[in-house]
Amino acid sequence: MKAWLRRTLRVHAQTRGLLIALDGLDGAGKTTQRRLLKTWLLQHGHRVHISKPTASRAIRPLLKARQHIHALNAQEFCLLGAADFRHRLETDILPAVWEGETVIADGFLLSDIARATSRGLDLDWVLEVYAPLIWPDLSMYFAVSPDTSTTRIAASRAPSFYQAAQDATHIADPVASYKQFVTRARREYEAFARIFDVATVNAEAPIYQQHLRVRKLVQRATRRDWADKNADAVCEWLALAAPPGGRS
Amino acid sequence: MRPKPRPGVLVACDGTRGPDVRDDVLRLLRSLRGQDVSGAVSRWDASGLFEELQVAKRRRRRLSPRTLLLLYAADLAFRVRWEIEPGLAQGRIVVAAPYIATAVAFGAAAGLPRRWVDDVLRFAPTPAVSVCARERKKASGWTAKPLSGFVEFCVATLEAGNPDLDARVYRLPMIKALDAAVSRRHAFRIDRQIVRRIVP
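Right, here's the structure in full:
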């Protein structure tokens, strides 16, 4: 790592904001908890930035257009999803964290990786595609059963083609496909939650009880050492503004 | 691990400038036709991703080299699925222009790890023959329009996102990386001899 980058990381270690990631199956109640958490943080004087999966305005429309005509296979979906994630990270999440805002990322790395591997892609390859990985200061997994997720999602509308992973299951009925997919996805989420030391929130519990658990986790959260954990991702983003060979 | 080569012949043609690659592919196709052999061509941006970015002016939204390479990989996955693999399965000669080495070279010039680029693109079948396009005007960088090639697009995008950046500095490292990326054993310049190497 270049010396000026290391210096910059050290200087910003205490002034940067906290990065909080919320992951889980669709219908787990992440959006509800995100709103409650935002209100609570604002009341406590934090500056809060919400990063939704739609934040990347450059890549997301490309992904959406191809999803609309069912043009993507699992591999292309993963690669475009990774480009979308990287752009969101570099243009929405990292700038806000750097400016000292507490960023709540609704749907982060864990969701993307779990969904890609549930589609049958090789985990090593998926991790490479998303490299360099960025570790949030606090990552929460909202655990919900496949039945509950399916009931909540199917209550208002049929899941979309890619939400139901019909590209991977090849089941014509979107609800049946969704249920089969989330059963697989849940296993992936739980395995990753254990491996990556992600805090689990029981998303079947009453909403306020979940919120209290979220509050506790946020109160206990500390800033990770970026120079140790996220150096590659953050330095790459910082170097974007610097001309090659400059600021030695 | 890369998939094994298919019954057809995959020819990769890489270079740092889109128009040079295009001209050399045309020469190669002419040479093949001279031997009564036809070849299919898989070109950059068959998926239309980059064109859509350009048309919608989303290119200006500061895309990093890594994001650009992920988009290239998505486009290449599309080309492999719809153009390269079907052509090979039919036993045809498929010229992929550009292919893996262009991405590796751009990655090297932009400071991305070679291993990462190789790993991300490992789904692409190994070419039987690799060709490097003749590099013209090495000192002048890139003057063609962004949609004339992947590297032109990247350079225009990076310069739009960072006014301090003079992307001409990428050219020579790219040429060097391209030479190193293309295996000497399988690399040929486009001449009469090459047809004998390609036609089974």
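So the protein lines, in turn, are chains S and V.
Here our numbering is used: the first residue of the first sequence is 43, the next is one more, and so on.
Here our numbering is used: the first residue of the second sequence is 665, the next is one more, and so on.
Every residue, glycine too, gets a C-beta built ideally from N, C-alpha and C.
Boundaries (first-last residue) of the alpha helix (DSSP H) holding residue i
i                : result
Phe127 (chain S) : 116 to 130
His253 (chain S) : 249 to 262
Ala235 (chain S) : 216 to 237
Ile839 (chain V) : 835 to 845
Thr74 (chain S)  : 72 to 85
His91 (chain S)  : Segment 90 to 93 is the beta strand (DSSP E) holding His91 (chain S); no alpha helix (DSSP H) there.
Ala210 (chain S) : 208 to 211
Asp678 (chain V) : That residue, Asp678 (chain V), is in no alpha helix (DSSP H); its beta strand (DSSP E) goes 673 to 678.
Ile155 (chain S) : 151 to 160
Ser794 (chain V) : Run containing Ser794 (chain V): none in the alpha helix (DSSP H); it sits in the beta strand (DSSP E), 793 to 796.
Val815 (chain V) : 814 to 825
Val863 (chain V) : It is not in any alpha helix (DSSP H) - Val863 (chain V) carries neither H nor E in the DSSP assignment.
Val276 (chain S) : 273 to 281
Residue i at chain S interface by Cβ criterion, 8 angstroms
i                : result
Trp806 (chain V) : no
Arg745 (chain V) : yes
Glu823 (chain V) : no
Glu715 (chain V) : no
Beta carbon proximity, residue i to chain V, threshold 8 angstroms
i                : result
His91 (chain S)  : no
Ala45 (chain S)  : no
Leu121 (chain S) : yes
Trp167 (chain S) : yes
Ala233 (chain S) : no
Ala173 (chain S) : yes
Ala124 (chain S) : yes
Glu170 (chain S) : yes
Pro286 (chain S) : Per-residue confidence for Pro286 (chain S) stands at a pLDDT of 46, beneath the threshold of 50, marking its modelled position as unreliable; no derived number is given.
Leu51 (chain S)  : no
Range covered by the beta strand (DSSP E) that runs through residue i
i                : result
Tyr183 (chain S) : 180 to 185
Leu64 (chain S)  : 61 to 66
Ile176 (chain S) : From DSSP, Ile176 (chain S) is part of no beta strand (DSSP E); its letter is neither H nor E.
Thr96 (chain S)  : Per DSSP, Thr96 (chain S) belongs to no beta strand (DSSP E) and is neither H nor E.
Asp164 (chain S) : Neither: Asp164 (chain S) is in no beta strand (DSSP E) and is coded neither H nor E.
Distance between residue j and residue i (C-alpha atoms, nearest Å)
i                : j                : result
Asp267 (chain S) : Ala765 (chain V) : 36 angstroms
Ser198 (chain S) : Pro729 (chain V) : 40 angstroms
Ala62 (chain S)  : Ile862 (chain V) : Sequence inspection shows Ile at residue 62 (chain S); the Ala mentioned does not correspond to that position. When rounded, the distance between both Cα atoms is 54 angstroms.
Arg289 (chain S) : Thr50 (chain S)  : In this prediction, Arg289 (chain S) scores a pLDDT of 37, lower than 50, which makes its location untrustworthy; no coordinate-derived value is stated.
Asp700 (chain V) : Phe770 (chain V) : 35 angstroms
Arg157 (chain S) : Lys801 (chain V) : 46 angstroms
Arg76 (chain S)  : Leu83 (chain S)  : 10 angstroms
Thr790 (chain V) : Val186 (chain S) : 43 angstroms
Ala281 (chain S) : Leu131 (chain S) : 14 angstroms
Ala273 (chain S) : Ala55 (chain S)  : 12 angstroms
Lys106 (chain S) : Arg860 (chain V) : 45 angstroms
Leu104 (chain S) : Glu118 (chain S) : 12 angstroms
Phe814 (chain V) : Ser706 (chain V) : 13 angstroms
Asp687 (chain V) : Gly66 (chain S)  : 50 angstroms
Leu674 (chain V) : Val833 (chain V) : 32 angstroms
Val846 (chain V) : Phe787 (chain V) : 17 angstroms
Ser702 (chain V) : Leu692 (chain V) : 10 angstroms
Ala113 (chain S) : Thr264 (chain S) : 42 angstroms
Ile101 (chain S) : Asp126 (chain S) : 5 angstroms
Tyr11 (chain S)  : Gln85 (chain S)  : As shown, chain S starts at 43 and ends at 290. That puts residue 11 (chain S) outside it, with no answer to give.
Asn826 (chain V) : Pro216 (chain S) : 45 angstroms
Ala818 (chain V) : Leu776 (chain V) : Correcting the residue type first, residue 818 (chain V) is Cys in the shown sequence and not Ala. Near 14 angstroms, if we compare the C-alpha coordinates of Leu776 (chain V) and Cys818 (chain V).
Gly149 (chain S) : Ala218 (chain S) : 23 angstroms
Leu811 (chain V) : Tyr763 (chain V) : 16 angstroms
Within 9 angstroms of chain V by C-beta, residues of the region 96 to 118 of chain S in sequence order:
Residues passing the 9 angstroms Cβ filter: Ser98, Arg99, Ala100, Ile101, Pro103, Leu104, Ala107, Arg108, Ala113, Leu114, Asn115, Gln117, Glu118.
Which residues, in chain order, does the region 828 to 839 of chain V contribute to contact with chain S at a C-beta distance below 7 angstroms?
Asp828, Leu829, Val833
Taking any Cβ of chain S, which residues in the region 679 to 695 of chain V have a Cβ under 8 angstroms from it, in chain order?
none
Along the region 261 to 281 of chain S, what residues have a CB closer than 8 angstroms to any CB found in chain V?
Glu278, Trp279, Ala281
Compile a chain-ordered list of the residues in the region 726 to 752 of chain V whose CB is closer than 7 angstroms to at least one CB of chain S.
Residues Arg726, Leu727, Ser728, Arg730, Thr731, Leu734, Leu735, Ala737, Ala738, Ala741, Phe742, Arg745.
I'd like the ranges of any beta strand (DSSP E) spanning at least 3 consecutive residues and lying wholly in the region 699 to 787 of chain V.
703 to 707, 757 to 761
Below 8 angstroms between beta carbons is the criterion; list the residues of the region 762 to 790 of chain V that meet it against any residue of chain S, in chain order.
Gly775, Trp780, Asp783, Val784, Arg786, Phe787
If the cut-off is 8 angstroms on Cβ atoms, which residues from the region 127 to 145 of chain S count as contacting chain V, listed in chain order?
Arg128, His129, Glu132, Thr133
Give, in chain order, every residue of the region 183 to 217 of chain S whose Cβ lies closer than 9 angstroms to some Cβ of chain V.
none
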